[in-house]
Each structure stands twice: as C-alpha cells, then as structure tokens.
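Protein chains: 2
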Amino acid sequence: MQLTKRDVVETAATLLDDYGLADLTMRRLARELDVSPGALYWHFANKQELLGAVADRVLDGVQAAVGVVDVCIRLRNALLSHTDGAELVSASFAAGQSEVMKQVLAALAAAAADTGLDAAHAQLAARTVVYYVLGFTVDEQSRLQWDAAGADLPDEQSVLADDADARFRFGLGVLVNGIRGAASSATASKSVV
Amino acid sequence: MQLTKRDVVETAATLLDDYGLADLTMRRLARELDVSPGALYWHFANKQELLGAVADRVLDGVQAAVGVVDVCIRLRNALLSHTDGAELVSASFAAGQSEVMKQVLAALAAAAADTGLDAAHAQLAARTVVYYVLGFTVDEQSRLQWDAAGADLPDEQSVLADDADARFRFGLGVLVNGIRGAASSATASKSVV
DNA sequence: ACCTGAACACCGTTCAAGT
DNA sequence: ACCTGAACACCGTTCAAGT
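As structure tokens, then:
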C-alpha cells in the first residue's frame, strides 16, 4: 500500500505518545512504517515540517474555540493529552510550522481586539498570551512526566502548589486583566484626543 | 595545560557566537579545545549541564538587577547579545540547569511580593513574566537572525511593527498591570474578610 | 510518481586503559 | 586526578537508481 501523509503523521503521533519526542526520529518512524528513511522525504521536506504536521494533529479541535480563556484552556488540555505535547507544539510554533497555532494566534488577537485594542496591539497581546500558555504548560508537563516515573509526591504545602488548574488560571487572569487595562487606557487617551 | 571548566565554557561561548547553538556540539567543542570528546565528561555530567553553564555565562550581570521592568530589560538585552542566546537560556531554564535564571525568578517574585501578593502568587506572577520574556525574545531573535542573512526589510507598516523595544515594553506593561490588579484585588478581598 | 539502498557527515555518551 | 582511544548505538538528509 502507498504511504500517505496521513499514515506518516498518525504513526508519528503514536510513537510520540508511546516513547516521547526524543525517540520520534525519522529513522525510527520509517522503521515503524516499514519504509526506508528516504521515503519520508518524498512526503515532507524535512523533520521540522513533519513535526509541524504532528503538532497540528495534537492541536486538533483547539481552533474551534472562541474567547481568550476558552482558547487557552483548550490549548493547554490538548498539549497535556500527548506525551511531550507542549514541547512539540512550542518548537513547531517557534519554527512557524504549525498552521493551527497561527489560527489560535488570530483567534486570540480577535478576542483582544474586541476589548478595544487596535490591530497591532491586539496581535502583541495575543502573542503574550501564547507565550504564557506554552511556557506554563511545557514547564507543567516536564514536571508531571518527571515525577510520573518517580517517587510519591511530597505532601502538598498549599492548595495552590498542586492545583495546576488554579495556577494556570491565575496567570491567565493576570494577562486578561492586564489586556483589559491596556485597552481601557488606549480608549481613554483616544477620547482625550 | 590542564582543562578547566572555565576554559570549556569560554570556548563554548565563542563557538555559540560564531556558529550558533546547532553547531555547539560536544565533539566540535572538544576539537576546538584540542582534547578528546570524553575529556568534557570529566568536567560536566552531560551536554545539558554544560549548556547550563554557558547560559549562565550569557546571563552574567542580569542577576544584579532589581524591579520587574529592570530585570526584564536586562534579561532581554543579555539574550540578544549572543547568537541563539534566547533559545539557549530558554532550554536551560526549562531543564532547570541555569542558576542565574533561578535567581532571576526569585528577584521577580520578590518584586511581585512587594506589590502585595502572597508568596505563592508572587511565584506564579514571576514565572508568568519569565515565560513572556523568554517567549518574546526567542521569537524576536529568530526573526532577527533569519533576515540578517536575507533581503532588505520590507518598508515598515507602522511604527510598532519594527520597534521591537516598544513591542517588548507593551507586553511587559500588560503583565505589570495585570499583576498590580491581582495584588489589589487580593488586598481588597482580604480587607473584606 | 513514489520508493529503495547506500552513502555522507555527523551526533552524545561510556569506559578500559594510560599517565 | 585527569585524559585518550576507541567503541556503541545512533542521527538527518541526499540522491542515483529502480519500478
């Protein structure tokens, strides 16, 4: 049977979930698909492009969200539901290889614009939110995966300490609040002019 | 002459500046130092640890800053002044290998606590700020380096579009503002109780 | 059009053995 | 204590040649 892009991405996602990003290599993927390593390069220009496609598979469903908080929560959930999902998407976003992350950015910018920011500032606000979600979740997931294969967790020091959801929402709240503040001060200076 | 940690880190930093992070390999570094690759493993447990030491060299001077805005501006400047500095520090921070980034985190948390947040929330606020600075600067630096070896920049669309400093300060303002908001609402709810 | 085979030019890490 | 030499087990990518 002919190798399709879909097959490749599907198998790559399985490999990712079972063995993690470090073991998701072109050679290992080719072996799993019973093709030669070179075959993958007929379907994808390079590894980055392939990883971008896998990232977009991980992010499936996220683009349907609207509103800053909704988008961010769905994004984080998607990242956490695959081994090394946050790291993969973070790298693909940085490399400009994730179409879904571009849509996410646009959705966040639209939401920010709704609060009264002009397009340029709304873009900046959107990126700031994305940096937060990716940074937070990469961090969270590495800790989760580290002490998943480890000792029993030490006794919680505070409710906040192990309620990752609450921690996530706090930072998100800081951002949403800050954006509202920036929007209203922009409106204020406009109304003065 | 005996190989010292300092020599290794110094040469690594030169390699980083001249050829970038992708070409900063243990083998290449050993070649540059005229030692066998194995020699590096007597001084450093692994590549991550060595990169952490290089990251801390890049961050030299940043720990002296006080106040959120001051710390962030110095941090960004340090990252921008070395090839792939942002990516290196970002990775080392995520891996928990940068002592200076731990100090930066502590300094930011202290500044956040000064606004009236309790210790746990101040920590979260500090991390949020770090995610922003690293995310923003990784992005900025990859664009800078991409079109450094490229075409002349297209004509600027707006003042904001190519004033990276202003863009950086905007996001920083959003965060500082959001943190102030979180602090004052915490104080308010306390005074109600 | 799609894939194989084989090569090219590398990696990080380990470890017996040397000095 | 500090380092070499050599090995182990891999990488991503290219490309003539096959079907």
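Going down the list, the sequences are from chains Y and V.
Just so it is clear: in the first sequence, position 16 is 16 by the UniProt record's numbering, and no numbers are missing.
Just so it is clear: in the second sequence, position 9 is 9 by the UniProt record's numbering, and no numbers are missing.
No residue lacks a Cβ here, since even glycine has one placed at the ideal position from N, Cα and C.
None of the values given here were measured: they were computed from a predicted structure.
Check whether residue i and residue j have beta carbons under 8 Å apart
i: Leu16 (chain Y); j: Leu75 (chain Y); result: no
i: Ala78 (chain Y); j: Gly61 (chain Y); result: yes
i: Ala113 (chain Y); j: Ala65 (chain Y); result: no
i: Ser92 (chain Y); j: Leu51 (chain Y); result: yes
i: Gly20 (chain Y); j: Asp84 (chain Y); result: yes
i: Thr141 (chain Y); j: Val104 (chain Y); result: In the sequence on display, residue 141 (chain Y) carries Gln and not Thr. Their beta carbons are not under 8 Å apart, which means Gln141 (chain Y) does not touch Val104 (chain Y) by this criterion.
i: Ala111 (chain V); j: Gly67 (chain V); result: yes
i: Leu128 (chain Y); j: Val174 (chain V); result: Contrary to the premise, residue 128 (chain Y) reads as Thr rather than Leu in this sequence. Contact flag set, yes.
i: Asp162 (chain V); j: Glu99 (chain V); result: no
i: Thr115 (chain V); j: Ile73 (chain V); result: no
Endpoints, the alpha helix (DSSP H) within which residue i is located
i: Asp163 (chain V); result: Neither: Asp163 (chain V) is in no alpha helix (DSSP H) and is coded neither H nor E.
i: Leu59 (chain Y); result: No alpha helix (DSSP H) contains Leu59 (chain Y), which DSSP labels as neither H nor E.
i: Gln141 (chain V); result: Ala119 to Trp146
i: Ala12 (chain Y); result: Lys5 to Tyr19
CA-to-CA distance, residue j to residue i, given in whole angstroms
i: Arg148 (chain Y); j: Asp118 (chain Y); result: The question names Arg, but residue 148 (chain Y) is Ala in the sequence shown. Cα-Cα distance, rounded: 44 Å.
i: Tyr41 (chain V); j: Glu10 (chain V); result: 16 Å
i: Tyr131 (chain V); j: Val35 (chain Y); result: 40 Å
i: Ser90 (chain Y); j: Leu59 (chain Y); result: 12 Å
i: Leu172 (chain V); j: Leu29 (chain Y); result: 42 Å
i: Val176 (chain V); j: Ala53 (chain Y); result: 36 Å
i: Ala164 (chain V); j: Glu32 (chain Y); result: 45 Å
i: Ala46 (chain V); j: Arg143 (chain Y); result: In the sequence under discussion, the amino acid at residue 46 (chain V) is Asn, which differs from the Ala named in the question. One C-alpha to the other measures close to 20 Å.
i: Val193 (chain V); j: Ser184 (chain V); result: Confidence in Val193 (chain V) is poor, its pLDDT being 40 and thus under 50, which makes the residue's placement unreliable; the coordinate value appears in the next sentence. C-alpha separation (whole angstroms): 14 Å.
i: residue 222 (chain Y); j: Gln48 (chain V); result: Not covered by the structure: residue 222 (chain Y). The range shown for chain Y is 1 to 193.
i: Phe136 (chain V); j: Met1 (chain Y); result: 45 Å
i: Gly181 (chain Y); j: Lys102 (chain Y); result: 25 Å
i: His121 (chain Y); j: Thr25 (chain Y); result: 39 Å
i: Arg167 (chain V); j: Leu134 (chain V); result: 14 Å
i: Lys5 (chain Y); j: Arg6 (chain V); result: 48 Å
i: Ala125 (chain V); j: Arg169 (chain Y); result: 11 Å
i: Leu3 (chain Y); j: Ala95 (chain Y); result: 26 Å
i: Trp146 (chain V); j: Ala13 (chain Y); result: 29 Å
i: Pro37 (chain Y); j: Asp18 (chain Y); result: 20 Å
i: Asp23 (chain V); j: Asp23 (chain Y); result: 21 Å
i: Val8 (chain Y); j: Arg27 (chain Y); result: 12 Å
i: Gln123 (chain V); j: Ala39 (chain Y); result: 48 Å
i: Gln97 (chain V); j: Gln97 (chain Y); result: 28 Å
Practice prompt. Give, in chain order, every unbroken run of the beta strand (DSSP E) that is at least 3 residues long and sits entirely within the stretch 73-103 of chain Y.
Written response: No beta strand (DSSP E) of 3 residues or more sits fully in the stretch 73-103 of chain Y.
Worksheet item: For the UniProt DNA-binding region "H-T-H motif" (25-44) of chain V, which segments carrying the alpha helix (DSSP H) assignment without a break, of at least 4 residues, lie completely within its bounds, in sequence order?
Response: 26-33 and 37-43
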